[in-house]
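Numbering (this note's numbering), first residue to last: 2 to 177.
C-beta: ideal position from N, C-alpha, C; glycine also.
Model, not experiment: these values are computed from the prediction.
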Amino acid sequence: MIYWEIFLAFFIPGIVGYGGGPATIPLIEYEVVHRYDWMTIEEFGEVLALGNALPGPIATKMAGFIAFEQAGILGAIVALFATIAPSLILMLILLSVLLKFKDSPKVKLLSSVVRPTIAVLLGAMTFRFMETSYLDSGWLQTGFMLVVSYVLLEKIKVHPAYVILSALIYGALFLH
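Quick look at the structure:
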């Protein structure tokens, strides 16, 4: 029964909490403090502060911690699934609709408008990353990483995951 309660405690806020993690925090608080009495308001505040101090989505961090405290590893897994399930379900529905109408002129027009926009956003993000890399590591390291990454990805056709892993290892070893 505890796993079902955990699922509901984090699934319902995910469904009705439009706006992402911060919008679901009061809903999660209601579920875990008032509905199920798993913790006090003070304890919830501490979990919220801890969740805000760590990187990543707040709702999943809180769900994992609270559910782990209530039901161990399996509880945390249930809570994490319940937290991401609303987005996952919506994405699957939207994907099926998109695939159903993929040959529609309106969908093709939408895709032709969205793709360049995404390319511009990714380009802007890349330049921000390069600027941060330059400020932290200098042009020599930044240029080296750009050239090596380009060669590995475009010329040698190495899978991006391996390039990222290699960059992380390089950074850990040479860029303290």
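Shown here for Val-115: not one same chain residue has a beta carbon closer than 8 Å to its own, the five before and five after excluded. Between the region 24-42 and the region 54-64, the count of Cβ pairs shorter than 8 Å is three or higher; the stretches touch. With 16 or more other CB atoms across the displayed protein chains lying within 10 angstroms of its CB, Ala-83 is buried.
Take Phe-8, set aside five residues on each side of it, and the residues of its chain with a beta-carbon closer than 7 Å to its own are Val-79 and Ala-83, in chain order. In this model, Met-63 and Gly-52 are separated by some 6 Å (Cα to Cα). The residue from Glu-32, Tyr-4 and Met-2 with its alpha-carbon nearest to that of Gly-15 is Glu-32. Pairing Phe-66 with Ala-50 gives a Cβ-Cβ distance that is not under 9 Å. Taking every protein chain shown into account, the CB of Glu-132 has fewer than 16 other CB atoms within 10 angstroms, so this residue is exposed. The alpha-carbon separation between Phe-128 and Lys-156 amounts to approximately 22 Å. Per DSSP, the continuous alpha helix (DSSP H) segment holding Leu-9 begins and ends at 3-17.
Beyond the five residues adjoining it in sequence on each side, Gly-18 comes within less than 7 Å, by CB distance, of Ala-24, Thr-25 and Leu-28 in the same chain, given in chain order. In this structure Glu-30 is buried. Its beta-carbon is surrounded by 16 or more other beta-carbon atoms within 10 angstroms. In the structure shown, Met-63 falls within a helical segment according to DSSP collapsed to helix, strand and coil. A Cβ-Cβ distance of about 14 Å is found for the pair Leu-169 and Gln-142, leaving them out of contact under the 8 Å criterion. In this structure, Ala-86 and Phe-12 form a Cβ contact; the two beta carbons are roughly 6 Å apart against a cut-off of 8 Å.
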